[in-house]
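Take a look at the structure below.
Structure representation (structure tokens):
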């Protein structure tokens with residue numbers, strides 16, 4: 548008799564818990580792409596395509612799938628790379644990453660015809676102007692996506708390195724002359 | 006000395022070789038020939054650059070306003086001598102990079118004629134706000150090298166109801182003796198400036214702190230302060246960086262300034278002796294800050310001396326006056342050897358921050374032969390801010406800037422004590438300066454990234470709105486066309 552009670556109670560318990568799990572699985576389902584959303588929120592969102600992906604969302608998907616390095620986004624720079632690495636919990640080695648030269652678009656006033664093509668493609672509205680007026684680039688808003696360079700019919704839009712001024716000058720990193728310790732060589736030398 | 010190290014009131018620090026005897030015994034030279042041209046940068050202070058109010062070709066008098074201050078934290082710039090403005094353009098700044106800065110060039114006429122000003126008979130009848138205004142209008146900034154606008158500091162002191170005004174006469178940097186000589190020769194003017202500042206801040210007491218390696222300056226200041234019981238003059242141990250405001254406040258008052266707040270929040274404000282002297286000149290004589298005393302010293306200087314020069318004097322003129330040997334000059338430093346900046350050349354002007362110009366020989370420099378860290382932790386015991394320089398540098402070397410920030414990178418004051426004692430010649434302060442700049446650059450990059458996102462969203466919203474408007478217009482146009490055709494058909498039927 549007791550055996551029957553035990554079998555019935557355990558069966559009921561199993562069924563009940565199974566039902567709970569089933570409901571939880573349906574209603575508390577976690578979208579597997581949550582990490583992609585978070586990554587996308589970190590990215591500049593200008594869809595500039597400098598990373599080689601068609602936009603920020605595909606780049607975030609590639610990052611989440613581990614198919615792209617954390618340092619893929621040139622406008623984000625090392626600051627973004629560190630955020631991405633922290634979010635994904637991966638080690639980031641910035642030692643080998645060459646910080647890309649900061650560039651900014653500039654209009655050559657001699658050749659600009661005021662065709663307005665560049666400011667129509669600028670993703671951040673960094674180019675101002677009007678038809679048949681010389682256009683100008685707001686350097687602080689330019690993200691160096693080079694879309695304007697591609698559409699300019701007179702090649703008057705060119706990328707230039709950002710000028711170093713007293714405001715953005717920084718101390719360079721001290722160069723270390725100590726030879727790197729290579730374990731193999733070191734043990735040979737010492738033994 | 007032993008109980009000095011046991012003192013809870015001094016953290017870290019070193020007793021560096023002083024080299025002060027080169028210049029400390031000679032009177033301040035006032036026979037400096039007026040340079041033919043003066044180069045006056047519009048930014049010689051912390052805050053926004055001043056905006057020029059003069060035109061090229063204009064005749065100006067000594068003390069006349071050349072550029073007026075902009076915004077809350079800023080300071081105006083005045084003509085250091087009489088003459089003609091010949092250029093307003095970009096010239097190299099007295100900065101380790103020597104990058105261009107907006108500069109007013111004045112060709113002196115040799116008369117050195119002051120602008121007439123109306124003097125106040127008794128400054129103590131002026132309201133404290135008026136004192137701040139006059140100090141601000143005279144272009145006075147912190148003369149110890151921090152160049153924070155003094156008027157702003159006076160206002161902050163008044164708003165926070167400070168109880169003690171500390172006057173910094175520590176001059177703890179090796180080689181520099183300009184404050185020492187100023188205190189020896191012009192003690193009464195300094196004490197008068199202190200009284201005016203006390204009035205301007207509505208504060209009660211002032212303490213003048215002087216390192217005990219300057220007994221003559223101490224004696225002179227003590228005598229000058231005798232008639233005023235609310236001004237006390239105290240000797241403090243000679244130990245770099247005693248002149249760091251937080252170190253000095255901790256030693257004198259026993260109070261610790263919390264991280265991220267200013268000293269006036271705990272009821273203390275600190276000013277340099279040179280600032281007090283400038284305040285005296287501004288209020289008593291109506292003279293703007295147009296000259297300063299500069300220590301020219303170092304092994305490559307044949308005639309090391311303290312000299313009073315007009316602001317904007319080129320360092321090359323100063324070196325001619327003091328006979329500097331270029332053949333043995335290994336490094337030119339503006340400021341003291343511990344915290345000063347190395348300059349790439351000497352065609353740079355003297356500014357309000359220039360307490361000294363040093364021409365050092367190779368033997369006076371520390372070896373650049375960097376060796377691996379042996380973890381002796383000497384840098385830890387001497388750090389006045391209580392940081393771990395060796396660990397911070399290690400993290401920075403491996404680009405772990407966040408870890409360095411966690412260890413207190415932002416509390417580093419770049420005093421140079423750690424680099425000074427490092428037996429492996431590791432340029433620790435260079436690492437911290439690099440990292441601080443890099444952290445700031447990353448913050449700016451992150452800010453720009455956020456702004457970019459905002460610009461993008463705005464643009465997308467605008468594009469959608471335009472598309473919607475076009476659709477609506479198109480629909481309206483089609484509807485109007487249909488209406489016209491219907492009416493036409495009706496008319497045709499009626500006909």
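Residue numbers (our numbering), protein chains in the order written: chain A, 548 to 738; chain B, 6 to 500.
Heads up, the beta-carbon is just placed ideally off N, CA and C, and yes, glycines get one too.
Local conformation of residue i per DSSP, three classes
i                      : result
residue 124 of chain B : coil
residue 719 of chain A : coil
residue 59 of chain B  : coil
residue 154 of chain B : strand
residue 274 of chain B : strand
residue 426 of chain B : helix
residue 169 of chain B : strand
residue 48 of chain B  : coil
residue 705 of chain A : strand
residue 25 of chain B  : helix
residue 558 of chain A : helix
residue 73 of chain B  : strand
residue 64 of chain B  : strand
residue 729 of chain A : Because the pLDDT of residue 729 of chain A is 39, which lies under 50, any placement of that residue in the model is unreliable, and the question is left without a value.
residue 575 of chain A : coil
residue 184 of chain B : helix
residue 6 of chain B   : Caution applies to residue 6 of chain B, whose pLDDT of 41 falls short of 50 and renders its modelled position unreliable; the model cannot decide the point.
residue 84 of chain B  : coil
residue 737 of chain A : Any reading at residue 737 of chain A must be qualified, since the residue scores a pLDDT of 36, below 50, and its modelled position is unreliable; the value itself is stated next. Looking at residue 737 of chain A - three-state DSSP - the assignment turns out to be helix.
residue 91 of chain B  : strand
residue 269 of chain B : helix
Where residue i meets chain B, residues with beta-carbon distance less than 7 Å
i                      : result
residue 524 of chain A : Chain A is shown from 548 up to 738; residue 524 of chain A falls before or after that span and cannot be answered.
residue 627 of chain A : 454
Beta-bridge partners of residue i, as assigned by DSSP
i                      : result
residue 143 of chain B : None, per the DSSP bridge assignment.
residue 631 of chain A : None; residue 631 of chain A has no bridge partner.
residue 300 of chain B : B:311 and B:361
residue 346 of chain B : B:339
residue 96 of chain B  : B:106
residue 79 of chain B  : B:53
residue 34 of chain B  : B:312
Where residue i meets chain A, residues with beta-carbon distance less than 7 Å
i                      : result
residue 461 of chain B : 592, 593, 670 and 671
residue 106 of chain B : 713
residue 470 of chain B : Going along chain A, no residue has its Cβ under 7 Å from residue 470 of chain B, so there is no contact; the nearest lies around 14 Å.
residue 442 of chain B : 717 and 718
residue 98 of chain B  : 713
Residue i: contacting residues in chain B (beta-carbon distance under 9 Å)
i                      : result
residue 688 of chain A : 453, 456, 457 and 460
residue 676 of chain A : Those do not exist, as residue 676 of chain A stays about 15 Å from chain B at its closest Cβ, beyond 9 Å.
Beta-carbon neighbours of residue i, restricted to chain A and to distances below 8 Å
i                      : result
residue 435 of chain B : 718 and 721
residue 439 of chain B : 717, 718, 719, 720 and 721
residue 432 of chain B : 721
residue 102 of chain B : 711, 713 and 716
residue 464 of chain B : 670, 671 and 672
Inter-residue CB distance, residue i and residue j (contact presumed, cutoff 8 Å)
i                      : j                      : result
residue 28 of chain B  : residue 360 of chain B : 12 Å between Cβ atoms; not a contact.
residue 319 of chain B : residue 352 of chain B : 6 Å
residue 310 of chain B : residue 31 of chain B  : 6 Å
residue 120 of chain B : residue 60 of chain B  : Not confirmed; about 17 Å, so no contact.
residue 440 of chain B : residue 401 of chain B : 4 Å
residue 321 of chain B : residue 336 of chain B : No, residue 321 of chain B and residue 336 of chain B are not in contact; Cβ-Cβ is about 16 Å, not under 8 Å.
residue 242 of chain B : residue 420 of chain B : Their Cβ separation, rounded to whole angstroms, is 16 Å, which puts residue 242 of chain B and residue 420 of chain B out of contact at 8 Å.
Within chain A, the residues that residue i reaches when beta carbons sit closer than 9 Å
i                      : result
residue 239 of chain B : Simply none; closest approach about 37 Å.
residue 480 of chain B : In chain order: nothing, as chain A lies at least about 24 Å away.
residue 80 of chain B  : Within chain A, no residue comes near residue 80 of chain B; the closest Cβ sits about 17 Å away, beyond 9 Å.
Heavy atom of the ligand FAD within 8 Å of residue i beta-carbon
i                     : result
residue 69 of chain B : The ligand FAD is not part of this structure, which contains no ligands at all.
Residues that residue i contacts on chain B, provided the C-beta gap is smaller than 8 Å
i                      : result
residue 624 of chain A : 447 and 450
The region 454 to 463 of chain B contacting the region 582 to 595 of chain A, beta-carbon criterion three pairs below 8 Å: yes
Do the region 221 to 231 of chain B and the region 147 to 161 of chain B meet, that is, are 3 or more Cβ pairs less than 8 Å apart? For the pair of segments examined, the region 221 to 231 of chain B was found not to touch the region 147 to 161 of chain B: the number of CB pairs separated by less than 8 Å stays below three.
Indicate whether the contact test is met: 3 or more Cβ pairs, each with one atom in the region 675 to 682 of chain A and one in the region 621 to 628 of chain A, closer than 8 Å. no
Can you confirm whether the region 712 to 723 of chain A touches the region 626 to 634 of chain A when touching is taken to mean that 3 or more C-beta pairs between the two stretches lie within less than 8 Å? no
Below 8 Å, can you find three or more Cβ-Cβ pairs linking the region 292 to 299 of chain B to the region 68 to 85 of chain B? yes
Are the region 162 to 174 of chain B and the region 190 to 210 of chain B touching by the rule of at least three beta carbon pairs closer than 8 Å? yes
Mind the definition here: the region 340 to 349 of chain B touches the region 179 to 198 of chain B only if three or more C-beta pairs lie below 8 Å; say whether that holds. yes
When you compare the region 410 to 425 of chain B with the region 685 to 704 of chain A, are there three or more beta-carbon pairs, one atom per stretch, that lie closer than 8 Å? no
Across the region 41 to 48 of chain B and the region 94 to 108 of chain B, are there enough close Cβ pairs to call them in contact, namely three or more that are closer than 8 Å? These segments touch.
Take every Cβ of the region 273 to 291 of chain B, pair it with every Cβ of the region 190 to 206 of chain B, and state whether three or more of those distances are shorter than 8 Å. yes
Contact between the region 132 to 148 of chain B and the region 248 to 261 of chain B: three or more CB pairs below 8 Å? no
At least three beta-carbon pairs within less than 8 Å, the region 139 to 147 of chain B to the region 262 to 280 of chain B: yes
Report yes or no: do three or more beta-carbon pairs, one from the region 650 to 657 of chain A and one from the region 703 to 716 of chain A, lie closer than 8 Å? The region 650 to 657 of chain A makes contact with the region 703 to 716 of chain A; the number of CB pairs closer than 8 Å reaches 3 or more.
Determine contact between the region 167 to 175 of chain B and the region 103 to 115 of chain B, defined as no fewer than three beta-carbon pairs at a distance below 8 Å. no
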